[in-house]
Amino acid sequence: MLVIVVENAPPRLRGRLAVFMLEIRAGVYIGDVSKRIREMLWKQVVGFVAQGNAVMAWSTNTESGFDFVTHGPNRRLPVEMDGFKLVAFLAEAKDSAAISACTTQRR
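Residue numbers for the sequence shown follow the working numbering, so the first one is 28 and each next one is one higher.
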C-alpha cells in the first residue's frame, strides 16, 4: 500500500500521480505499486511539486509496519528515535524561511 499527499501541487504533478494511483480526496493518492514505481513517483513528486510539499508513506515489514518521506516546507518533521520514525511538530515560526531551512527532504 502506498499513500502520497501533496499540498499546493501543480496540475501536471496531480495528473501524473493519477495515472498510477487513485485520488480519493484532493491531493491524497493511494495505490498498490512496486518499489520501482514508488521510487519513480517520488522522484516526480520532488521534481514537480515546486512551492508545495508532499509526504509519501508505504507498507514495510518493520516493527511499525510503515515508512515515510517528506519534501518541502512543512511544520512536521520526521525524527528517528530508537529505530522508530516519529513526527516532530515545530512551533509556528514568524519567519517561514526558518521552517523551509528545517524541512529538507529526509529519508
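Glycine included, every Cβ here is placed at the ideal spot set by N, Cα and C.
Buried versus exposed, by CB contacts within 10 Å (16 or more), residue i
{"i": "THR97", "result": "buried"}
{"i": "LEU49", "result": "exposed"}
{"i": "VAL33", "result": "buried"}
{"i": "GLY110", "result": "exposed"}
Straight-line gap, residue i to residue j (C-alpha atoms, nearest Å)
{"i": "ARG102", "j": "VAL73", "result": "18 Å"}
{"i": "ARG63", "j": "LEU117", "result": "32 Å"}
{"i": "ALA81", "j": "TRP69", "result": "9 Å"}
{"i": "GLY42", "j": "ALA53", "result": "12 Å"}
{"i": "ARG65", "j": "GLU119", "result": "32 Å"}
{"i": "MET28", "j": "ALA45", "result": "15 Å"}
{"i": "GLY71", "j": "ALA77", "result": "The question names Gly, but residue 71 in the sequence shown is Gln. When rounded, the distance between both Cα atoms is 11 Å."}
{"i": "ASN12", "j": "ARG39", "result": "It is not possible to answer for residue 12, since the shown part of the chain is limited to 28 through 134."}
{"i": "PRO37", "j": "MET67", "result": "18 Å"}
{"i": "LEU113", "j": "GLU90", "result": "13 Å"}
{"i": "GLY58", "j": "PHE95", "result": "15 Å"}
Nearest-angstrom beta carbon gap, residue j and residue i [assumed within contact, 8 Å]
{"i": "VAL83", "j": "ILE31", "result": "In the sequence under discussion, the amino acid at residue 83 is Met, which differs from the Val named in the question. Contact flag correct, Cβ pair sits at about 5 Å."}
{"i": "SER86", "j": "PHE75", "result": "Not confirmed; about 25 Å, so no contact."}
{"i": "VAL55", "j": "PHE47", "result": "About 14 Å separates the two Cβ atoms, so there is no contact after all."}
Paired residues, beta bridge with residue i - DSSP
{"i": "PRO105", "result": "VAL114"}
{"i": "GLY54", "result": "Answer by DSSP bridge pairing: none, since GLY54 is not bridged."}
{"i": "ALA81", "result": "VAL33, HIS98"}
{"i": "SER86", "result": "PHE93"}
{"i": "LEU49", "result": "ILE57"}
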